[in-house]
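The opening residue of the sequence shown carries number 1471 in our numbering; numbering runs sequentially from there. We treat Cβ as the ideally placed atom computed from N, Cα and C, and that holds for glycine. Encoded as structure tokens, the structure appears first; notes follow it.
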Amino acid sequence: MANHKSAIKRIRANAAKRLRNRYQAKTTRNAIKKLRSTTSKADASPLLSKVISMLDRLAKKNVIHKNKASNNKSKLTKFVNSLS
């Protein structure tokens, strides 16, 4: 266990950030799954913009790598455009 006051505080802060990051990442993954399960373009288009926003936010905060976010956005956009 850490002895310094600042190290103890850092451990607490890191634990809180980890929980928040995991929650946001899991929520985004669920939103991606929901988007992939849609069958109509009308339903998928508004959902796509929300998912893209979530991915950008995760990449900005370094929860996921920016290239992973970019790849996901590209593939999801292609998917939505392929819907009729």
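Extent of the continuous alpha helix (DSSP H) to which residue i belongs
{"i": "residue 1550", "result": "1536 to 1552"}
{"i": "residue 1500", "result": "1475 to 1506"}
Residue i burial status per 10 Å Cβ neighbour count (16 or more: buried)
{"i": "residue 1518", "result": "buried"}
{"i": "residue 1489", "result": "exposed"}
{"i": "residue 1478", "result": "exposed"}
{"i": "residue 1524", "result": "buried"}
{"i": "residue 1534", "result": "buried"}
Residue i Cβ short of 7 Å to the ligand FAD heavy atom set
{"i": "residue 1495", "result": "With respect to the ligand FAD, the structure offers nothing, as it holds no ligand at all."}
Helix, strand or coil at residue i [DSSP, three-state]
{"i": "residue 1471", "result": "coil"}
{"i": "residue 1531", "result": "coil"}
{"i": "residue 1519", "result": "helix"}
Anticipated Cβ contact below 8 Å, residue i with residue j, distance rounded
{"i": "residue 1522", "j": "residue 1543", "result": "5 Å"}
{"i": "residue 1510", "j": "residue 1550", "result": "With 8 Å as the limit, residue 1510 and residue 1550 do not qualify as a contact, their Cβ atoms being about 10 Å apart."}
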